[in-house]
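K.L.:
Please see the structure below; I have some questions.
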Amino acid sequence: MMTDLPAHWHAELDAMLASEPLPLDATTLAGAAGRLAAAFPVLPMPGAGNTLARWQFLAAVAARDLALVKIYEAHADARAILAELAPATRFETTAADRPSIWAVWAARSPANELSFASRDGAHVKLAGTKAWCSGARFVTHALVTCVDTNGGDWLAALALDQPGVTVSERGWEAVGMEATQSVEVDFADAHATLVGELGAYVRRPGFWHGGAGIAACWYGAAAALAGRLRDAAQRRDNPWLRAHLGAADVALIAARACLRECAAAIDAAPRADATRIALRARGAVESAVESTLRACARGMGAAPLCRDRWFARMSADLPVFVRQSHAEADLAALASAVLESGEDWHL
Numbered sequence: 000m001m002t003d004l005p006a007h008w009h010a011e012l013d014a015m016l017a018s019e020p021l022p023l024d025a026t027t028l029a030g031a032a033g034r035l036a037a038a039f040p041v042l043p044m045p046g047a048g049n050t051l052a053r054w055q056f057l058a059a060v061a062a063r064d065l066a067l068v069k070i071y072e073a074h075a076d077a078r079a080i081l082a083e084l085a086p087a088t089r090f091e092t093t094a095a096d097r098p099s100i101w102a103v104w105a106a107r108s109p110a111n112e113l114s115f116a117s118r119d120g121a122h123v124k125l126a127g128t129k130a131w132c133s134g135a136r137f138v139t140h141a142l143v144t145c146v147d148t149n150g151g152d153w154l155a156a157l158a159l160d161q162p163g164v165t166v167s168e169r170g171w172e173a174v175g176m177e178a179t180q181s182v183e184v185d186f187a188d189a190h191a192t193l194v195g196e197l198g199a200y201v202r203r204p205g206f207w208h209g210g211a212g213i214a215a216c217w218y219g220a221a222a223a224l225a226g227r228l229r230d231a232a233q234r235r236d237n238p239w240l241r242a243h244l245g246a247a248d249v250a251l252i253a254a255r256a257c258l259r260e261c262a263a264a265i266d267a268a269p270r271a272d273a274t275r276i277a278l279r280a281r282g283a284v285e286s287a288v289e290s291t292l293r294a295c296a297r298g299m300g301a302a303p304l305c306r307d308r309w310f311a312r313m314s315a316d317l318p319v320f321v322r323q324s325h326a327e328a329d330l331a332a333l334a335s336a337v338l339e340s341g342e343d344w345h346l
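The numbering of the sequence shown is numbering that gives the first Met the number 0, which starts it at 0 and goes up by one.
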């Protein structure tokens with residue numbers, strides 16, 4: 000049975016962030032991420048019966064700050080991946096005064112892919128460059144995709160506080176999601192441990208569970224923006240403003256229903272292929288994000304974009320974050336899954 004997010008989690012989250020004004024910046028993000036990871040080191044695992052509560056927590060973090068949820072969602076995803084692929088393996092943790100914060104860096108770079116420099120069983124040395132490394136300046140550990148000498152895909156875990164890892168200043172000129180500092184990281188004979196078997200990262204059932212969890216983050220941010228639109232509609236008796244609020248409500252309620260259905264399906268069959276339901280949820284939420292951003296901009300005009308720092312930052316961050324969707328490529332993949340399933344659209 001799915002369990003909604005415990006009410007005290009909201010209070011704990013707000014208390015934790017009370018010392019830092021929102022939105023967070025590149026300086027304050029590290030401390031907030033560390034406190035959050037220490038307070039909530041592990042969320043309910045996807046597919047274990049409480050997937051909805053897991054996603055609700057991610058949505059709640061996203062509703063407060065998107066850079067923070069970008070870091071924390073990766074940490075929670077890494078914990079879930081390790082539990083799925085290497086449940087009996089203990090990985091080195093940091094000192095008690097510095098909580099472990101895990102990253103998942105899985106972007107591929109054709110120009111300089113991270114690869115094995117040497118291998119001894121499950122122990123490898125990695126060389127190359129990883130792009131899009133969010134939180135690289137302060138996360139403590141990472142799961143990274145890499146390739147062997149035959150081009151085979153692997154996942155490896157490593158501590159980042161070692162001589163073979165260099166965080167660069169390259170590759171991040173963003174305005175939206177600027178605080179995450181998703182720069183390139185260089186590896187030179189960095190020590191790592193393989194996680195799972197060849198190709199296991201993308202073949203595991205949890206791959207798409209995590210992909211749908213990202214959509215919960217998008218949803219939380221869009222719902223928070225819509226909350227400001229609702230506040231404006233309560234203050235101003237303007238039919239056009241209320242029409243925009245209605246449009247946002249329709250989009251968000253549809254996306255919420257899709258996320259809840261997806262969470263229920265994952266919990267009912269955690270080992271089943273979740274490609275179709277996850278892509279559907281991601282597409283529904285992406286559409287809701289676009290509708291909500293449009294409704295907020297047209298309904299409230301330029302004022303909150305220019306005078307409300309949190310609103311302006313959220314409105315800049317969300318379009319960047321939602322581009323973790325692959326747009327038409329994801330829709331085409333969904334169509335293939337629909338054709339293969341033979342599913343119809345009966346109510």
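Glycine included, C-beta positions come from ideal geometry on N, C-alpha and C.
Please read all numbers here as calculations on a predicted model, not as lab measurements.
1. On the three-pair Cβ rule with 8 Å, is the stretch 127–138 touching the stretch 171–183?
2. Would you say ALA85 and GLY198 are within 9 Å of each other, going by their C-beta atoms?
3. Return the bridge partner residues of PHE186 from the DSSP annotation.
4. Between the Cα of ARG255 and those of TYR218, ARG279, ALA268 and LEU240, spot the shortest distance and give me the residue it belongs to.
5. Use the C-beta contact count for VAL174: other C-beta atoms within 10 angstroms, 16 or more gives buried, fewer gives exposed.
6. Nearest CA to the CA of GLY48: which residue from ALA263, ARG107, SER340 and TYR71?
7. So, for ALA73: in the same chain, excluding its five sequence neighbours on each side, which residues have a beta-carbon less than 6 Å away from its beta-carbon?
8. Go through the stretch 28–99 residue by residue and report every complete run of the alpha helix (DSSP H) that reaches 4 residues or more, in order.
9. What residue does the alpha helix (DSSP H) around ALA17 start on, and which one ends it?
10. Taking the beta carbon of ILE213 as the centre, do at least 16 other beta carbons fall within 10 Å, making it buried, or is it exposed?
11. With respect to the beta strand (DSSP E) encompassing THR144, which residues constitute its N-terminal and C-terminal limits?
12. What do you get for ARG270, buried or exposed, if any count of 16 or more other CB atoms within 10 angstroms of its CB means buried?
13. Any idea what DSSP makes of ASP152, helix, strand or coil?
14. Would you call the CB atoms of GLY210 and ALA277 closer than 9 Å?
15. What first and last residue would you give for the alpha helix (DSSP H) that runs through ASP343?
16. Give a yes or no on whether the C-beta atoms belonging to LYS251 and LEU240 are separated by under 9 Å.
P.N.:
By the coordinates alone:
1. Cβ pair count under 8 Å is three or more, so yes.
2. The answer is no: Cβ separation not under 9 Å.
3. Residue pairing by DSSP puts PHE186 in a beta bridge opposite GLY127 and VAL164.
4. The option with the nearest alpha carbon to ARG255 is TYR218.
5. Burial call: exposed.
6. The shortest C-alpha separation from GLY48 is found at ALA263.
7. Within the same chain, Cβ atoms closer than 6 Å to the Cβ of ALA73 are found at ALA102 and VAL103, the five residues on either side in sequence being excluded.
8. Counting only runs of 4 or more, we get 50–63 and 65–84.
9. Taken as a continuous stretch (DSSP letters only), ALA17 belongs to no alpha helix (DSSP H), as it is neither H nor E.
10. Label assigned to ILE213: buried.
11. 140–146 is the span of the beta strand (DSSP E), which, as asked, contains THR144.
12. Flag for ARG270 reads exposed.
13. Here DSSP, grouped into helix, strand and coil, assigns ASP152 to strand.
14. Yes. Within cutoff.
15. Neither: ASP343 is in no alpha helix (DSSP H) and is coded neither H nor E.
16. The residue you asked about is not Lys; residue 251 is Leu in the sequence shown. Contact check for LEU251 against LEU240 fails: the beta carbons are separated by 9 Å or more.
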